[in-house]
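Written out below as structure tokens is the structure these notes cover.
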Amino acid sequence: MSTGEIACSYAAMILHDDGIPITAEKIATLLKSANVNVEAFWPNLFAKLAEKKDLGELTMNVGCGGGAAAPVGMAAAATAAAPAAEEKKPEPEEESDDDMGISLFD
């Protein structure tokens, strides 16, 4: 992330937390008061995002996956297939140190 993205993210979260409508002008005012210089398009992008999405909802769902049922179903299928795959594999034989003619603890 760039400095502009991070600064606008924090400014938008501050405005949301205080219950103030998120606009490009208010984001720019917050950034100016914090002496943070960003490109002019960043506040506009974050203001448009705030119009379409609820920031409270976005921050509460950070890191949440969309489909929990799919990985569970895939894990069950993988578990069912795993025993069959394990039966076909012969276990590799361990090599002994006797073949090398040296011993580690002589």
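In this text, residue positions in the sequence shown follow this note's numbering: the first is 1, and each later residue adds one.
C-beta: ideal position from N, C-alpha, C; glycine also.
Report task. Look at the alpha carbon of Ile20 and the alpha carbon of Thr59, and state the distance between them as a whole number of angstroms. Result -> Roughly 17 Å between the two C-alpha positions.
Query raised in the report: What span of residues does the alpha helix (DSSP H) with Asp17 cover, start to end?
Result: 3-17 is the extent of the alpha helix (DSSP H) around Asp17.
Query raised in the report: Helix or strand or just coil, what does DSSP make of Ala39?
Result: It should be noted that the sequence gives Glu, not Ala, for residue 39. Glu39: coil per DSSP, three-state reduction.
Query raised in the report: So, is Asp34 buried or exposed, given that buried needs 16 or more other C-beta atoms within 10 angstroms?
Result: Just to set this straight, residue 34 is Ala in the shown sequence, not Asp. That one is exposed.
Query raised in the report: When DSSP labels each residue in this structure, what does Ala34 get in the three-state scheme?
Result: If DSSP states are grouped into helix, strand and coil, Ala34 belongs with coil.
Query raised in the report: Which term fits Gly4, buried or exposed, when burial requires 16 or more other beta carbons within 10 angstroms of its beta carbon?
Result: By the neighbour-count rule (16 or more Cβ atoms within 10 Å), Gly4 is buried.
Query raised in the report: Taking the Cβ atom as the reference point for each residue, do Leu31 and Ile14 lie within a distance shorter than 8 Å?
Result: Their beta carbons are not under 8 Å apart, which means Leu31 does not touch Ile14 by this criterion.
Query - Same chain only: Cβ atoms within 6 Å of Thr23, ignoring 5 sequence neighbours per side - result: Short of 6 Å from the beta carbon of Thr23, and not among the five residues preceding or following it, lie these beta carbons of its own chain, in chain order: Ala47.
Report task. For Ile27, count neighbouring C-beta atoms within 10 Å of its own C-beta (all shown protein chains included) and say buried if the count is 16 or more, exposed if not. Result -> By the neighbour-count criterion, in which 16 or more other beta carbons inside 10 Å mark a residue as buried, Ile27 falls on the buried side.
Query raised in the report: If you drop the 5 nearest sequence neighbours on each side, which residues of the same chain put their C-beta closer than 7 Å to that of Ala11?
Result: Once the five neighbours on either side are set aside, the close Cβ partners of Ala11 are Ile27, Leu30, Leu31.
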